[in-house]
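These notes are about the structure you will find just below.
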Amino acid sequence: MSDILTDIQENLNDLQNYVIQFHDYNVKVNAPTLVNATPLMHPDKPNEAPLYETILSEPTLPEDVVQNDLEFFSTKIVSCFENIDALITKLPELNEDEKERDKRIEDLLKEQYERSIDLQLKYDLAEMKLEQIEQIHGAITKHKFKVNTAL
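Residues in the sequence shown are numbered consecutively from 11, following the numbering used here.
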């Protein structure tokens, strides 16, 4: 279960990063640039400070580039949501009965035990290979020593 929670956390981090990147990109592309500000006097209240009508510039990048970038971000964001949703469905139910929970825990413990046996076998094999390498290294060292003393 901790692997699932870790994967969910990683997907949430990815989601956060994509949303931040999208926001930064959107601000960069659609940064409002003031082109014109015309004061507008309130007709009923001439003594109040004027309001301003603002005209903002259009986005600076071509629309097809912006569209492709928006599709990229939307695809990534949707993918993160789908991954999170799929991972959440793998989490154990909070309302599962005791027998189901015990069976699930038993299966997890059995899987962990099998992994530990496999890991121990790999560790033993690695130790054996290391001993062989050390023996070969020792034989090579002795051989070089004999060659060097003969000269």
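The beta-carbon is built from N, C-alpha and C at its ideal position, and this holds for glycine as well.
Which residue's Cα is closest to the Cα of glutamate 73: Val39, Lys55, Leu129? Taking the first residue of the sequence shown as 1, we reach residue 73 at position 63. It is Val39 whose Cα lies nearest to the Cα of glutamate 73.
Can you name the start and end residues of the alpha helix (DSSP H) that glutamate 92 belongs to? The residue labelled residue 92 in the question sits at position 82 within the sequence shown. Taken as a continuous stretch (DSSP letters only), the alpha helix (DSSP H) holding glutamate 92 covers 73-100.
What does the alpha-carbon distance come out to for the pair histidine 147 and alanine 136? For the purposes of this step, residue 147 is taken as residue 137 along the sequence shown, with counting starting at 1. For the purposes of this step, residue 136 is taken as residue 126 along the sequence shown, with counting starting at 1. Rounded to the nearest angstrom, the two C-alpha atoms are 16 Å apart.
Would a C-beta distance cut-off of 7 Å place phenylalanine 82 and phenylalanine 32 closer than the cut-off? Locating residue 82 in the sequence shown gives position 72, counting from the first residue. Locating residue 32 in the sequence shown gives position 22, counting from the first residue. It is not a contact, given that the beta carbons lie outside the stated cut-off.
Can a CB atom of chain C be found closer than 7 Å to the CB of serine 84? Absent from the structure: chain C. Only one protein chain is present.
In angstroms, rounded to a whole number, what distance separates the CA positions of tyrosine 133 and isoleucine 143? Within the sequence shown, the letter at position 123 stands for residue 133. Within the sequence shown, the letter at position 133 stands for residue 143. Taking the straight line from one Cα to the other gives about 15 Å.
Tell me which same chain residues have a C-beta within less than 7 Å of the C-beta of lysine 162, skipping the five on either side of it? Any answer about residue 162 is impossible in this case: the structure gives the chain only from 11 up to 161.
How would you call tyrosine 28, buried or exposed, if buried means at least 16 neighbouring beta carbons within 10 angstroms? Position 18 of the sequence shown, counted from the first residue, corresponds to residue 28. Label assigned to tyrosine 28: buried.
Please identify the residue among Pro102, Asp79, Asp107 whose C-alpha is closest to the C-alpha of leucine 118. Mapped onto the sequence shown, residue 118 falls at position 108. Leucine 118 has its Cα closest to that of Pro102, out of Pro102, Asp79, Asp107.
Who are the near neighbours of aspartate 24 in its chain, counting only those whose CB is closer than 7 Å to its CB and skipping five residues on each side? Residue 24 sits at position 14 when you count from the first residue of the sequence shown. Excluding residues within five positions, the ones whose Cβ falls inside 7 Å are Cys90.
Of the residues Lys109, Glu106, Asn93, Asp112, which one's Cα is nearest the Cα of isoleucine 18? Residue numbering aside, residue 18 sits at position 8 when the sequence shown is read from its first letter. The shortest Cα separation from isoleucine 18 among Lys109, Glu106, Asn93, Asp112 belongs to Asn93.
What's the call for asparagine 21, buried or exposed, on a 16-neighbour Cβ count within 10 Å? By 1-based counting over the sequence shown, the position of residue 21 is 11. Buried: at least 16 other Cβ atoms inside 10 Å.
Measuring only the C-alpha atoms, how far is glutamine 122 from leucine 129? Working through the sequence shown from its first residue, we reach residue 122 at position 112. Working through the sequence shown from its first residue, we reach residue 129 at position 119. Those two C-alpha atoms are separated by around 10 Å.
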